[in-house]
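Below is one structure; the comments refer to it alone.
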Amino acid sequence: NESVDVHDEL
Amino acid sequence: MDILQIFGDYVHLLGMIILLAKLWLTKSCAGISGKTQLLFALVFTARNADLTIRYVSLYNTILKIVYLAITYCTVLSIFLFFRKTYDRKRDAFRIELLILPCAVFALFLNKAFETIEVFWAFSVYLEALAIVPQVYLVSKSKQADSVVMSYISCLGLYRGCYVLHWLYAYKHSPNSQLEHIAVASGVVQLIFYFD
Chain H
10 NESVDVHDEL
Chain D
12 MDILQIFGDY
22 VHLLGMIILL
32 AKLWLTKSCA
42 GISGKTQLLF
52 ALVFTARNAD
62 LTIRYVSLYN
72 TILKIVYLAI
82 TYCTVLSIFL
92 FFRKTYDRKR
102 DAFRIELLIL
112 PCAVFALFLN
122 KAFETIEVFW
132 AFSVYLEALA
142 IVPQVYLVSK
152 SKQADSVVMS
162 YISCLGLYRG
172 CYVLHWLYAY
182 KHSPNSQLEH
192 IAVASGVVQL
202 IFYFD
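Protein sequences, first through last, are from chains H and D. In this text, residue positions in the first sequence follow the numbering used here: the first is 10, and each later residue adds one. In this text, residue positions in the second sequence follow the numbering used here: the first is 12, and each later residue adds one.
Structure below.
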């Protein structure tokens, strides 16, 4: 399970 | 990467293309808020400032550049190419009332007091409010252009997908942290779109 990094999103 | 996120990205892209296509096909910016587009240009510029220092993925880089390019094209179309059809009088929302509070919030409410983080927070806060001048314009002109409504729906759907994606990731991944800033702003943003 990868954690979500919102900074890597658009 | 998550299917909801990718779907959201493409719906977002679709919305921007719909708006730009409307501008160029009708050669008129009737019903479109130039101020909202100006705010979005500011949002993407602030958020994508990290393009210069960070690489996430090819997908990420390409879409960021495409978002910036389309938004700048839209702004140029409204304020330069089709400026004669721009309804300056109706598009009267004072955007400094949106920009200033977002800037202040970004300075105090951020993940870390670093340029990129402050820019990122600013872009998230401003994105939540950027549609307000458009909503104001639609409510003032009392007639909703169907293309503009499709555009607004695309943007609402995009944010909805993202918020669901965050909540889902938080629920199913034990090591993920819920990003309160993003989720709270996303929910505020959705409220404006459902309006």
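Yeah, the Cβ is synthetic: ideal placement off N, Cα and C, and Gly gets one too. As the structure is a prediction and not an experimental result, all values here were calculated from the model.
Give me the Cβ distance between residue i and residue j, rounded to the nearest whole Å; I'm assuming they're in contact under 8 Å.
i              : j              : result
residue 134(D) : residue 65(D)  : Going by Cβ atoms, the distance from residue 134(D) to residue 65(D) rounds to 14 Å, so no, they are not a contact pair.
residue 78(D)  : residue 55(D)  : 5 Å
residue 104(D) : residue 147(D) : 5 Å
Determine, for residue i, whether the minimum Cβ-Cβ distance to residues of chain D falls below 8 Å.
i             : result
residue 10(H) : For residue 10(H), the predicted structure reports a pLDDT of 44, less than 50, and the residue's modelled location is therefore unreliable. The matter cannot be settled from this model.
At a Cβ threshold of 8 Å, is residue i touching chain H?
i              : result
residue 125(D) : no
residue 138(D) : no
residue 143(D) : no
residue 206(D) : no
residue 198(D) : no
residue 154(D) : no
residue 67(D)  : yes
residue 182(D) : no
residue 74(D)  : yes
residue 121(D) : no
residue 162(D) : no
residue 48(D)  : no
residue 131(D) : yes
residue 177(D) : yes
residue 78(D)  : yes
residue 52(D)  : no
Going straight from the alpha carbon of residue i to that of residue j, what length do you get?
i              : j              : result
residue 164(D) : residue 206(D) : 11 Å
residue 194(D) : residue 46(D)  : 25 Å
residue 137(D) : residue 145(D) : 14 Å
residue 27(D)  : residue 82(D)  : 7 Å
residue 19(H)  : residue 68(D)  : 11 Å
residue 151(D) : residue 98(D)  : 12 Å
residue 160(D) : residue 22(D)  : 14 Å
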